[in-house]
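Here's the structure, in structure tokens; my notes come after.
2 protein chains.
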Amino acid sequence: MVTLKEVAARAGVSRSAVSRTFTEGASVSDKTRRKVELAADELGYQPSLIARSLATNRTKLIGLVANNFRNPVFLEVFDLFTQGLQKRGFRPLLVNLSTETDPEKSLHMLRQYRVDGIIIATSTLPPTFPDAFRKAGVPVIHAFGKIDASSGVHVVGIDNRKCGEMAAQTLVDRGYKKIALLGGPQSATSTQDRLAGFLSQLGKLGVEPADVRFARDYSYSAGREAMTELLAEMEVEALFCGDDLICMGAMDAARGKGLKIPEDIGFLGFNDMNMAGWSAYDLTTIHQPIRDIILSSVELVVAMVGEPDRSNETRLFSCSIVERSTLRPLPAS
Amino acid sequence: MVTLKEVAARAGVSRSAVSRTFTEGASVSDKTRRKVELAADELGYQPSLIARSLATNRTKLIGLVANNFRNPVFLEVFDLFTQGLQKRGFRPLLVNLSTETDPEKSLHMLRQYRVDGIIIATSTLPPTFPDAFRKAGVPVIHAFGKIDASSGVHVVGIDNRKCGEMAAQTLVDRGYKKIALLGGPQSATSTQDRLAGFLSQLGKLGVEPADVRFARDYSYSAGREAMTELLAEMEVEALFCGDDLICMGAMDAARGKGLKIPEDIGFLGFNDMNMAGWSAYDLTTIHQPIRDIILSSVELVVAMVGEPDRSNETRLFSCSIVERSTLRPLPAS
DNA sequence: TGAATTTTTGCAACCGATTGCAAAATTTTG
DNA sequence: CAAAATTTTGCAATCGGTTGCAAAAATTCA
Chain A
651 MVTLKEVAAR AGVSRSAVSR TFTEGASVSD KTRRKVELAA DELGYQPSLI ARSLATNRTK
711 LIGLVANNFR NPVFLEVFDL FTQGLQKRGF RPLLVNLSTE TDPEKSLHML RQYRVDGIII
771 ATSTLPPTFP DAFRKAGVPV IHAFGKIDAS SGVHVVGIDN RKCGEMAAQT LVDRGYKKIA
831 LLGGPQSATS TQDRLAGFLS QLGKLGVEPA DVRFARDYSY SAGREAMTEL LAEMEVEALF
891 CGDDLICMGA MDAARGKGLK IPEDIGFLGF NDMNMAGWSA YDLTTIHQPI RDIILSSVEL
951 VVAMVGEPDR SNETRLFSCS IVERSTLRPL PAS
Chain B
651 MVTLKEVAAR AGVSRSAVSR TFTEGASVSD KTRRKVELAA DELGYQPSLI ARSLATNRTK
711 LIGLVANNFR NPVFLEVFDL FTQGLQKRGF RPLLVNLSTE TDPEKSLHML RQYRVDGIII
771 ATSTLPPTFP DAFRKAGVPV IHAFGKIDAS SGVHVVGIDN RKCGEMAAQT LVDRGYKKIA
831 LLGGPQSATS TQDRLAGFLS QLGKLGVEPA DVRFARDYSY SAGREAMTEL LAEMEVEALF
891 CGDDLICMGA MDAARGKGLK IPEDIGFLGF NDMNMAGWSA YDLTTIHQPI RDIILSSVEL
951 VVAMVGEPDR SNETRLFSCS IVERSTLRPL PAS
């Protein structure tokens, strides 16, 4: 690898001069800059970001911690995340929490690489993370996180409680009586909040939920299994699912029993993933503004790097119903 | 951040001693090791991988270059890739080629971070990559690449030509006569190779292809549009699609025209993505062993880091038909 | 026990950049 | 044109580790 020194020698200038031509906003005359650039080109010089990081104490690396590598909505997350960072001159260091035996381990690893910031894209946040990084002065953004000022991290996401309420209202408005909820994994705070909002609104409207249960994970098969069990036990008129993928599994389970959608049973999904628009499902669902959440997270983490002791922020985006064909229409009123 | 020096001071040993307790296979007595570990714990010391990288000229960073952040099969790629690297003590640096104005730019960036190796997961390889990295002595693995010994990079993938032949044989065996191909983007070498194999085998079997066309990209909507156009122009009995996603779009287009699958028209997909097994599609498809390809790529790239001038290798895995319900059964013979 | 051998330790140079400071060069001003 | 003000430049210390080498310590052997 060609180094600074060699370029300096070739250009007949000092090492500082070379360094300065490659650092934003440093003072070099046009003449030396040209000399240096010429020499650098001839030698194929590329400044070492490793060495620079050591000297500046900035790596331009942002950690992305995720634990859901099976749900297609995460593709969009990865796409927007990498794009957003690239555009700002930062780089993503990906951490797959799903299998790492120990979240502690990835934590260490991120600290060892001296990442400038971290975005956690999981509804559940490993509890030791916030402290560990705050102590080290590394900004942490919890995307899709729970609204909770006390946690000490920045949160960018949605108001899950409100979404639950919206779902309940939507189903009741359409005249459904026997309404069930099929949530994501029960341990996820997003599930709990959605459930709370759902039940509360149902209560306000004087409707008793017919059933509440939870899928094992955010997958088609988990949705399908849970729905199969549900159908074996009872009849319901409409179902609010914690995730589109779960919902599609549930729909296929219902169809498998010969039920027609939306005549015999209605479905309301969550996320509005790409596939929700496919005509085999054409799912009515609650749109989660993933794009806004990720772009905002990226923007925030980059801002934090420049201005480390900014006070905590919570950014919430609103969700909206996307009408397709898995719920019966609103009665003419 | 706590540094080596502080730990050394506290433990009452030299900096080398501390360094050695944290490097694999270095010689330290148990006594000093314990002293050092104690001091390190008390201070919360984490060795800086940045500094280490500078000194050792090894970053333990592997670049993953991808350009398809919309196709769910890539989730599996990301999952296996990150897992595989993590298990071996390496870290993924993700590059999203889809939007980076200039592939050259990402190339520079990867070199600036001094990645130890690169896996390119695209069917089309930016032509300047191999040379640039070979010159720098960085191993490059082209996953899903074209068999082509001359390119100077390692290739791990499948024999696309053979897959095309397999597809043709499968369709003819089932008695289809009017057979069409709906490929992925025409510029992809994988598409070209599959097409070549397909046509060649069809020729051998004395069947004239009814139509050959290409989807704009690897997406549901592209498949749907291409199929809509095709149906407006002609009738076909069976279709070989270059990707499951494209195939699902095509199926929905056909169903939209009132066609029954597989009675009126048969579909053969490619990849065997998760969704192919969903009952709304239940797609008969050619399984691409993505897991094998990625695991093998990771293993290979890590091996290359330890042994830089290993000769070029091509690793090919075989594909197989997964029978579901979108093709009519083999005639009893 | 003492010499021979092996293991552990510390010194100091090095990896490839950045940056504060003062000197040198250039530009502005009167 | 000289003095003052400004810009550019190079020196040398620094970032946080690693590692070859020789000295010191511990172990083995006769």
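In order, the protein sequences belong to chains A and B.
Position one of the first sequence corresponds to residue 651 (the numbering used here), numbered consecutively onward.
Position one of the second sequence corresponds to residue 651 (the numbering used here), numbered consecutively onward.
Using N, Cα and C, we set each Cβ at its ideal position, and we do this for glycine too.
As the structure is a computational prediction, the values presented were derived from the model and not from experiment.
Problem set entry | Proximity of Leu845 of chain B and Leu743 of chain A at Cβ, strictly below 9 angstroms | Stepping through the second sequence from its first residue, residue 845 of chain B is reached at position 195. Stepping through the first sequence from its first residue, residue 743 of chain A is reached at position 93. Going by C-beta atoms, Leu845 of chain B is not nearer than 9 angstroms to Leu743 of chain A.
For this session: Mind reading off the beta-carbon distance from Met877 of chain A to Ala838 of chain A? Whole number of angstroms is fine, and I expect it under 8 angstroms.
Result: Start at 1 with the first residue of the first sequence, and residue 877 of chain A comes out as number 227. Start at 1 with the first residue of the first sequence, and residue 838 of chain A comes out as number 188. No, Met877 of chain A and Ala838 of chain A are not in contact; Cβ-Cβ is about 19 angstroms, not under 8 angstroms.
Problem set entry | Member of B:Ser666, B:Ile769, B:Gly814 whose CA lies at the smallest distance from the CA of Ser968 of chain B | In the second sequence, counting from the first residue as 1, residue 968 of chain B sits at position 318. Measuring from the Cα of Ser968 of chain B, the nearest candidate turns out to be B:Gly814.
Problem set entry | Continuous alpha helix (DSSP H) stretch holding Val686 of chain B: start and end | Within the second sequence, residue 686 of chain B is the residue found at index 36, counting from 1. Start and end: 680-693.
For this session: Kindly provide the ranges of any alpha helix (DSSP H) runs that are 4 or more residues long and lie completely inside the stretch 706-747 of chain B, ordered along the chain.
Result: 723-737
Problem set entry | With 16 other Cβ atoms within 10 Å as the buried cut-off, status of Arg741 of chain A | Your numbering for residue 741 of chain A matches position 91 in the first sequence. Classification for Arg741 of chain A: buried.
Exercise. Should Gly847 of chain B go down as buried or exposed, given a rule of 16 or more other Cβ atoms within 10 Å for buried?
Worked result: In the second sequence, counting from the first residue as 1, residue 847 of chain B sits at position 197. With 16 or more other Cβ atoms within 10 Å, it is buried.
Exercise. How many angstroms separate the CA atom of Glu879 of chain B from the CA atom of Leu852 of chain B?
Worked result: Sequence index remark: in the second sequence, residue 879 of chain B carries index 229 (1-based). Sequence index remark: in the second sequence, residue 852 of chain B carries index 202 (1-based). Using only the alpha carbons, I get a separation of about 23 angstroms.
Exercise. What is the residue span of the alpha helix (DSSP H) that Arg965 of chain B lies within?
Worked result: Stepping through the second sequence from its first residue, residue 965 of chain B is reached at position 315. That residue, Arg965 of chain B, is in no alpha helix (DSSP H); its beta strand (DSSP E) goes 964-967.
For this session: Let me know if Met816 of chain B comes out buried or exposed under the rule of 16 or more other beta-carbons within 10 Å of its beta-carbon.
Result: The residue given as residue 816 of chain B occupies position 166 in the second sequence. By the 10 Å Cβ count, Met816 of chain B comes out buried.
For this session: Would you mind telling me which residues of chain B sit closer than 7 angstroms to Asn746 of chain A, beta carbon to beta carbon, in chain order?
Result: Within the first sequence, the letter at position 96 stands for residue 746 of chain A. Within chain B, the residues near Asn746 of chain A are Asp729, Thr732, Gln733, Gln736.
Problem set entry | Same chain, Cβ closer than 7 angstroms to Thr820 of chain B, five either side skipped, listed in chain order | In the second sequence, counting from the first residue as 1, residue 820 of chain B sits at position 170. Answer for Thr820 of chain B: Leu918, Ile971, listed in chain order.
Problem set entry | Residues of the stretch 763-785 of chain B whose Cβ lies closer than 7 angstroms to any Cβ of chain A, in chain order | Tyr763, Arg764
Exercise. Cα separation between Pro780 of chain B and Arg702 of chain A?
Worked result: Your numbering for residue 780 of chain B matches position 130 in the second sequence. Your numbering for residue 702 of chain A matches position 52 in the first sequence. Each residue's alpha carbon lies about 26 angstroms from the other.
Exercise. Residues of chain A with a CB under 7 angstroms from the CB of Leu688 of chain B: which are they?
Worked result: For this step, residue 688 of chain B is matched to residue 38 along the second sequence. Result: empty, since nearest Cβ-Cβ is about 18 angstroms, beyond 7 angstroms.
Exercise. Of the residues that make up the stretch 695-719 of chain A, which ones have a beta carbon closer than 7 angstroms to any beta carbon in chain B?
Worked result: Gln696, Pro697, Ser698, Leu699, Ile700, Ala701, Ser703, Leu704, Thr709, Phe719
For this session: With distances taken Cα to Cα, identify the nearest neighbour of Asp809 of chain A among A:Val790, A:Ser773, A:Ile829.
Result: Counted from its first residue, the first sequence places residue 809 of chain A at position 159. When only C-alpha atoms are compared, the closest one is A:Ser773.
Exercise. When the Cα atoms are used, what is the spatial distance from Arg784 of chain A to Thr778 of chain A?
Worked result: Indexing the first sequence from 1 puts residue 784 of chain A at position 134. Indexing the first sequence from 1 puts residue 778 of chain A at position 128. Going from the Cα of Arg784 of chain A to the Cα of Thr778 of chain A covers about 10 angstroms.
Problem set entry | Option in A:Ile769, A:Leu889, A:Gly856 with minimal Cα separation from Phe864 of chain A | Working through the first sequence from its first residue, we reach residue 864 of chain A at position 214. Closest option to Phe864 of chain A, Cα to Cα, is A:Leu889.
Exercise. So, Lys907 of chain A versus Leu881 of chain A, is the Cβ gap smaller than 9 angstroms?
Worked result: Reading the first sequence from its first residue, position 257 is the one you call residue 907 of chain A. Reading the first sequence from its first residue, position 231 is the one you call residue 881 of chain A. Yes.
For this session: Could you confirm whether any beta carbon from chain B is found closer than 9 angstroms to the beta carbon of Ala930 of chain A?
Result: For the purposes of this step, residue 930 of chain A is identified with residue 280 of the first sequence, where counting begins at 1. Ala930 of chain A counts as touching chain B.
Exercise. So does the stretch 758-777 of chain B actually touch the stretch 709-719 of chain B, counting three or more Cβ pairs closer than 8 angstroms?
Worked result: yes
Problem set entry | Nonlocal neighbours in the same chain, by C-beta distance under 7 angstroms from Val686 of chain B, ignoring five residues either side | As a position in the second sequence, residue 686 of chain B is number 36, starting the count at 1. Only Val657, Ala661, Val663, Ala667, Val668, Thr671 meet the Cβ criterion.
For this session: Give me the Cα-Cα distance between Met925 of chain B and Glu957 of chain A, rounded to the nearest whole angstrom.
Result: On the second sequence, residue 925 of chain B is found 275 positions in, with the first residue counted as 1. On the first sequence, residue 957 of chain A is found 307 positions in, with the first residue counted as 1. Roughly 44 angstroms separates the two Cα atoms.
For this session: Using a threshold of 9 angstroms, state whether the C-beta atoms of Leu950 of chain A and Arg974 of chain A are closer than that.
Result: Mapped onto the first sequence, residue 950 of chain A falls at position 300. Mapped onto the first sequence, residue 974 of chain A falls at position 324. Contact: no.
Exercise. Looking at chain A, which residues of the stretch 853-877 of chain B have a Cβ within less than 7 angstroms of any of its Cβ atoms?
Worked result: Tyr870
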